[in-house]
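Novice: Here it is: the structure, laid out below.
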Amino acid sequence: MEAADRELMCSGHVGCPGCGATIAMRFFLKALGEKAVMVLPACCWSVIAGPFPQSSIKIPVIHAAFETGGATATGVRAALDMRGDTETTVVTWAGDGGTFDIGFQALSGAVERNEDFIYVCYDNEAYMNTGIQRSSSTPYGAWTTTTTGSDWKKLRKKNIVEALVAHRIPYAATANIAFPEDLMRKVKKAKAVKGSRFIHVFASCPTGWRIPSEMSVKIARMAVQTNIFPLYEVEDGVRYTINYKPREYLVREYFKLQGRFRHLSDADLDAIQEMVDEDWHLLLRKAGERA
Amino acid sequence: MKRVVEGSQAVAEAVRLAKVQVISAYPITPQTHIVEILADYVSQGRMKARFLRVESEHSCMAALIGAQSMGVRTFTATSSQGLALMHELLHWASGARLPIVMAEVNRALAPGWNIWSDQSDSLSQRDTGWMQFYCEDSQEVLDTTLFAYRLAETVYLPAMVVLDAFFLSHTYEPVDIPSQEDVDRFLPPYEPAFQLDTKHPYALSPLVTPNAYMEMRHEMSAAMEDVLGLYDGLEEEMFRAFGRRYGMVEAIECRDARVVFVTSGTVTSTARIFLKKLRERGEKVGVLKVKLFRPFPTEEVRRALAGVPKVVVVDRNCSFGLGGIFAQEIRAALCNVPGERRVYGYIAGLGGRDITEELLEEIYGEVTEGKGPERENIWKGLQEVSHGGR
């Protein structure tokens with residue numbers, strides 16, 4: 114079946130209107146196909162998938178403890194191998210909290226062992242399921258319910274892809290819900306690779322970012338167009354390919370649209386622009402390219 | 008065939024004979040020998056299994072949950088801090104009704120660092136929905152590991168086979184290792200009632216609302232109760248296969264006893280020798296070995312202790328603020344049973360301190376002298392210490 118026709122996610126899920134994580138799942142499953150088992154540690158999707166006895170995902174799912182995405186998948190893979198099933202793809206689908214923070218040890222352990230699975234982090238930049246608390250993926254400048262008032266986050270977002278690349282995994286990539294063709298191409302590419310594969314999907318959250326639900330895709334797209342969230346791939350921990358070279362917007366325009374950044378001054382936005390530029394130039398250097 | 012093996016090897020031989028397909032472990036003293044032997048068996052091809060060298064005990068149990076959900080037989084071994092770190096996942100395993108079996112080498116919890124025998128680690132996991140068996144010797148460890156698989160896969164609850172650190176795990180003794188044919192007869196290949204399958208996709212362990220959660224928990228509770236009904240029948244099958252059975256409890260000369268010592272683990276062996284000597288002197292003393300701790304064999308305990316005026320429970324553990332944990336369970340079992348009796352909880356042997364015949368005899372002296380001790384919970388074998396601070 115062609116990816117365009119295949120629907121492995123049901124309507125009637127319980128995601129918020131405009132939820133980037135649901136868009137991410139839909140395109141991911143279209144590209145992945147039904148011969149897969151999904152490990153779903155605690156995240157928004159633990160709820161979106163629906164309560165017992167329903168499931169909005171048409172592949173087998175193991176809901177798992179928050180910090181066990183890498184470890185549970187390790188066991189699923191081992192059991193499939195013992196049953197002689199090498200065709201079924203094992204996938205872990207986790208949020209940024211379950212990936213950057215509480216699940217980082219299990220993820221690092223799994224990819225160090227080069228477990229044969231795809232780990233997808235859909236990143237909405239805070240603990241959204243519990244009500245917008247700060248994670249190590251929350252970007253510099255953001256308000257969350259645990260970084261309020263003048264205590265807005267003044268630390269940079271953890272660069273999770275580079276942390277994974279440092280493990281020299283066979284395939285790591287970023288993707289974005291506003292670039293579905295690119296996302297699905299990367300999923301298909303990842304599916305064909307053996308060993309540990311990591312896809313970091315930028316997934317906007319209208320509720321947590323204080324944006325109108327109809328702006329969800331536009332703002333996600335702007336994250337790429339501002340270089341805040343570049344689209345790139347890294348093979349075997351060394352071969353970098355940048356998929357998109359934008360310069361359509363300044364970060365200021367991205368920030369001005371979101372309630373979570375409303376408190377930032379012009380000087381703060383200038384400082385953030387400098388950080389984004391610095392990160393972009395670092396990425397260009399790694400890819401052996403010029404600005 | 009009888010071989011002189013270490014307690015750890017008795018576990019490993021049982022796991023090999025059970026044809027476990029996925030083993031996962033993280034090293035912790037004194038569990039290491041068990042998993043080292045198994046890693047060797049897997050690499051030599053003596054076992055057709057995957058050995059997962061995970062980065063923590065937490066990940067170890069998570070990996071087994073993943074594997075067992077896919078319909079294969081799994082195993083791990085751990086101890087002390089490792090079991091404590093696994094705590095959250097113990098609930099995940101039992102709640103998902105996965106018959107995972109683990110060997111738990113009883114070791115004290117820190118601080119201070121202590122690698123020696125103590126039951127506080129496993130007893131802290133009392134309410135996780137895992138069956139718990141406390142073993143006395145290496146033969147029982149081997150047999151119980153095989154029995155645990157049979158029982159777990161019948162009721163769909165995980166099981167913990169508990170053995171004392173060093174006293175059992177690192178002690179060599181003759182063990183009869185059954186043939187593969189005999190084991191296969193007793194323990195058929197694992198055929199799960201449910202497993203994840205791409206042809207029939209469904210979700211395991213999803214969000215459950217108040218509409219269904221309580222029923223699921225009741226099913227777990229009912230499965231635990233089923234164990235008590237199934238136990239003797241399955242042990243009878245084990246007896247036919249290997250010629251050995253143990254019982255949920257073992258009542259030794261309790262019938263006419265005026266004092267019964269309730270024991271678990273290796274202390275039972277010491278108590279057997281002590282009992283023999285005292286009986287030769289004409290003392291009416293008995294020993295009740297409690298092997299099955301979860302589910303708790305209330306009826307068997309009541310039957311064994313019926314009419315016994317003084318019960319001494321020896322606990323190598325402590326629930327701070329109440330006392331020994333076995334003592335509390337025995338008191339609870341005897342509650343609502345007519346008749347006069349005293350139950351003394353004696354805490355001894357924490358952190359690997361030896362529980363000797365002499366110590367048991369001292370306790371016997373205390374409880375038989377006059378009316379017996381005033382206190383119901385007594386720490387035995389303490390040295391003089393001077394307190395700093397207050």
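Residue numbers (the numbering used here), protein chains in the order written: chain A, 114 to 404; chain B, 8 to 397. Think of the CB as a built atom: it goes at the ideal place given N, C-alpha and C, for glycine as much as any other residue.
(1) So if DSSP puts T202(A) in a beta bridge, which residue, or which two residues, is it bridged to?
(2) Just to confirm the assignment, what range does the beta strand (DSSP E) spanning R310(A) have?
(3) When the distance is taken between beta carbons, is D150(B) closer than 9 Å to F249(B)?
(4) Leaving aside the five residues before and after L235(B) along the sequence, list all residues of the same chain whose C-beta is less than 8 Å from its C-beta, in chain order.
(5) Please name the residue, chosen from K9(B), R286(B) and V297(B), that lies closest to E368(B) on a Cα-to-Cα basis.
(6) First and last residue of the beta strand (DSSP E) that includes W386(B)?
(7) How about V12(B) and V266(B): are their beta carbons less than 9 Å apart?
(8) Cα separation between D361(B) and H177(B)?
(9) Mind checking if F165(A) is an interface residue toward chain B, Cβ cutoff 9 Å exclusive?
(10) Ends of the alpha helix (DSSP H) at S129(B)?
(11) Find the residues of chain D that neighbour A177(A), judging by a C-beta separation of less than 8 Å, and give them in chain order.
(12) Apart from the five residues on each side of it in sequence, which residues of its chain come closer than 6 Å, Cβ to Cβ, to T339(A)?
(13) Can you tell me the Cα-Cα spacing of L130(B) and N324(B), whole angstroms?
(14) Nearest-angstrom Cα distance between T202(A) and G388(B)?
(15) Report the rounded CA-to-CA distance for K304(A) versus G146(A), giving the unit in angstroms.
(16) Given a cut-off of 9 Å, decide if R157(B) and L241(B) are closer than it, judged by their beta-carbon atoms.
(17) According to a CB-to-CB cut-off of less than 7 Å, which residues of the stretch 301–313 of chain A neighbour chain B?
(18) At 3 residues or longer, what runs of the beta strand (DSSP E) sit wholly inside the stretch 251–324 of chain A?
(19) Could you please give me the residues that DSSP links to Q139(B) through a beta bridge?
(20) Would you say V174(A) reaches chain B, if we count a Cβ-Cβ gap shorter than 9 Å as a contact?
(21) Please decide whether S159(A) counts as near chain B, where near means a Cβ-Cβ distance under 9 Å.
(22) Under a CB-based cut-off of 9 Å, is T216(B) close to chain A?
(23) Which parts of the stretch 328–390 of chain B are runs of the beta strand (DSSP E), unbroken and 3 residues or longer, counting only runs that do not cross its ends?
(24) Hey, how far is the Cα of I175(A) from the Cα of M77(B)?
(25) Looking only at C-alpha atoms, which of P173(A), L344(A) and S317(A) sits nearest to L142(A)?
(26) Under 8 Å Cβ-Cβ, which residues of chain B neighbour A150(A)?
(27) Chain A partners of A19(B), CB-CB under 8 Å?
(28) May I ask you to list the residues that DSSP assigns as paired with K317(B)?
Specialist: So, to answer that:
(1) In the DSSP secondary-structure assignment, T202(A) is bridged to A149(A).
(2) S309 to F315 is the extent of the beta strand (DSSP E) around R310(A).
(3) Result yes, Cβ atoms of F249(B) and D150(B) sit closer than 9 Å.
(4) These residues qualify, in order along the chain: M255, P302, P304 and E306.
(5) Selected option, being the one with the closest Cα: R286(B).
(6) Run containing W386(B): N384 to W386, per the beta strand (DSSP E) assignment.
(7) No, the Cβ-Cβ distance between V12(B) and V266(B) is not below 9 Å.
(8) Looking at the two C-alpha atoms, the distance is approximately 15 Å.
(9) Chain B, which has a Cβ nearer than 9 Å to the Cβ of F165(A), makes this yes.
(10) Taken as a continuous stretch (DSSP letters only), the alpha helix (DSSP H) holding S129(B) covers S127 to L130.
(11) Absent from the structure: chain D. Protein chains present are A and B.
(12) Non-local C-beta neighbours of T339(A) in its own chain, meaning closer than 6 Å and more than five positions away in sequence, comprise Y362, V364 and Y367, ordered along the chain.
(13) So the two alpha carbons sit approximately 8 Å from each other.
(14) Roughly 58 Å between the two C-alpha positions.
(15) Distance between the alpha carbons of K304(A) and G146(A) is about 10 Å.
(16) Note that the C-beta distance between L241(B) and R157(B) is below 9 Å.
(17) Listed by position along the chain: nothing, the set is empty.
(18) The qualifying runs are 284–289 and 309–315.
(19) Answer by DSSP bridge pairing, in chain order: M167(B) and R301(B).
(20) Yes - at least one Cβ of chain B is within 9 Å of the one on V174(A).
(21) The beta-carbon of S159(A) is placed less than 9 Å from the nearest beta-carbon of chain B.
(22) Closer than 9 Å: yes.
(23) Fully enclosed beta strand (DSSP E) runs of 3 or longer: 349–354 and 384–386.
(24) So the two alpha carbons sit approximately 10 Å from each other.
(25) Among P173(A), L344(A) and S317(A), the Cα nearest to that of L142(A) is on P173(A).
(26) For the sequence presented, residue 150(A) should be read as Val rather than Ala. Simply M77, L203 and T205.
(27) Residues of chain A passing the Cβ test: none, with the nearest at roughly 19 Å.
(28) Note: K317(B) sits in a beta bridge opposite V266(B) and R349(B).
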